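Under our numbering, think of the first position of the sequence shown as 57, with each following residue one higher.
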Amino acid sequence: MARIKGGLNAKKKHNRVLKLAKGYRGARSKQYRVAKQSVMRALTSSYAGRKQRKRQMRSLWIARINAAARLNGLSYSRFMYGLKLAGIEMNRKMLAEMAVNDAEGFKQLTDIAKEKLAA
57 MARIKGGLNA
67 KKKHNRVLKL
77 AKGYRGARSK
87 QYRVAKQSVM
97 RALTSSYAGR
107 KQRKRQMRSL
117 WIARINAAAR
127 LNGLSYSRFM
137 YGLKLAGIEM
147 NRKMLAEMAV
157 NDAEGFKQLT
167 DIAKEKLAA
């Protein structure tokens with residue numbers, strides 16, 4: 057029985073990595089060894105970046121809620137505590153959306169929070 061050489065599989069592996077490295081500058085997109093290092097690093101960074109994006113979005117929502125709450129005479133923490141006392145369970149994404157696009161509705165929420173904090 058004839059021996060099967062591994063060249064085809066190696067070529068496929070190399071091409072898969074080089075395809076991912078398309079658009080990189082210089083040797084990073086041409087040479088397998090250098091491209092593999094760049095691709096591995098890029099994939100690691102993209103995985104971490106997907107986690108960081110969630111953190112960044114949450115901090116953006118909190119900044120928007122804080123700014124809108126302060127316009128209505130409350131700090132962020134007092135506003136969130138007032139909503140909790142009132143039993144209003146709304147996530148930060150929706151609160152930030154209201155703060156930007158529905159100022160009147162957000163004002164009603166701050167009024168409810170103020171009532172519950174005063175009581």
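C-beta atoms are modelled at their ideal positions from N, C-alpha and C, and glycine is treated no differently. Everything numeric in this text was worked out from a predicted model, so none of it was measured.
Through-space distance from residue 93 to residue 84, alpha-carbon basis: The C-alpha of residue 84 lies about 8 Å from the C-alpha of residue 93.
Using 8 Å as the Cβ pair cut-off and three pairs as the minimum, do the stretch 101–110 and the stretch 129–140 touch? no
Can you tell me whether residue 120 is buried or exposed? The criterion is at least 16 other CB atoms within 10 Å of its CB, across all chains shown. By the neighbour-count rule (16 or more Cβ atoms within 10 Å), residue 120 is buried.
Answer with buried or exposed for residue 96, where buried requires no fewer than 16 other C-beta atoms within 10 angstroms of its C-beta. exposed
Just how far apart, CA to CA, sit residue 62 and residue 74? 18 Å
Cβ-based neighbour list, residue 38, same chain, cut-off 6 Å, excluding 5 preceding and 5 following: With the chain represented from 57 up to 175, any question about residue 38 goes unanswered, as that position is not in the structure.
Assuming residue 155 and residue 162 are in contact, meaning their beta carbons sit under 8 Å apart, how far apart are those beta carbons, in whole angstroms? Taking C-beta atoms under 8 Å as the contact rule, residue 155 and residue 162 qualify, at a distance of about 5 Å.
Quick one: is residue 175 buried, meaning 16 or more other Cβ sit within 10 Å of its Cβ, or exposed? exposed
Got a sec? Which residues, its chain only, sit under 6 Å from residue 128 by beta carbon, not counting five neighbours each side? So the list reads 163 and 166, once near-sequence residues are dropped.
Does DSSP put residue 87 in a helix, in a strand, or in coil? coil
What are the start and end residues of the alpha helix (DSSP H) that includes residue 168? 159–174
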